[in-house]
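Each remark here refers to the structure printed beneath this line.
Residue numbers (this note's numbering): 659 to 748.
If you want it as structure tokens, here you go:
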């Protein structure tokens with residue numbers, strides 16, 4: 659395995675900016691990039707599996723998913739787009 663010296667790293671650009679050192683000297687360097695973590699909203703783990711009634715659901719979110727994605731559901735008696743209004747989505 660080869661040994662490295664500091665001269666081996668002279669051509670590698672820095673991955674951070676030392677803000678204290680940067681404030682002491684005038685620099686034309688671009689400002690340091692701030693990493694941003696963007697979280698994705700988790701996709702629901704629901705799947706059309708033949709259930710059709712509110713009594714078979716476990717949440718308003720599940721009932722809404724079934725109403726919007728699954729055929730032959732019987733969860734919106736007044737056809738207003740809100741399922742299971744008496745049990746889950748009240």
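We put the CB at the ideal spot given by N, CA and C, even for glycine.
Name the residue from the options whose alpha carbon lies nearest to the alpha carbon of residue i.
i, options, result
"residue 729", "703, 709, 691, 693", "709"
"residue 718", "736, 740, 735, 706", "740"
"residue 724", "704, 713, 738, 746", "704"
"residue 747", "721, 714, 713", "721"
In terms of residue numbering, what span does the alpha helix (DSSP H) encompassing residue i cover?
i, result
"residue 727", "718–727"
Taking only the alpha-carbon atoms, compute the straight-line gap between residue i and residue j and give it to the nearest angstrom.
i, j, result
"residue 732", "residue 742", "9 Å"
"residue 691", "residue 726", "42 Å"
"residue 706", "residue 693", "39 Å"
"residue 745", "residue 712", "7 Å"
Where does residue i sit, in a helix, a strand or coil, going by DSSP?
i, result
"residue 703", "coil"
"residue 747", "coil"
"residue 710", "coil"
With respect to 7 Å, is the separation between the Cβ of residue i and the closest non-hydrogen atom of the ligand FMN below this value?
i, result
"residue 705", "What this structure holds is no ligand at all, so the ligand FMN is not there to describe."
Kindly say whether residue i, judged by its beta-carbon, lies nearer than 8 Å to any beta-carbon of chain D.
i, result
"residue 732", "Of the protein chains in this structure there is only one, and it is not chain D."
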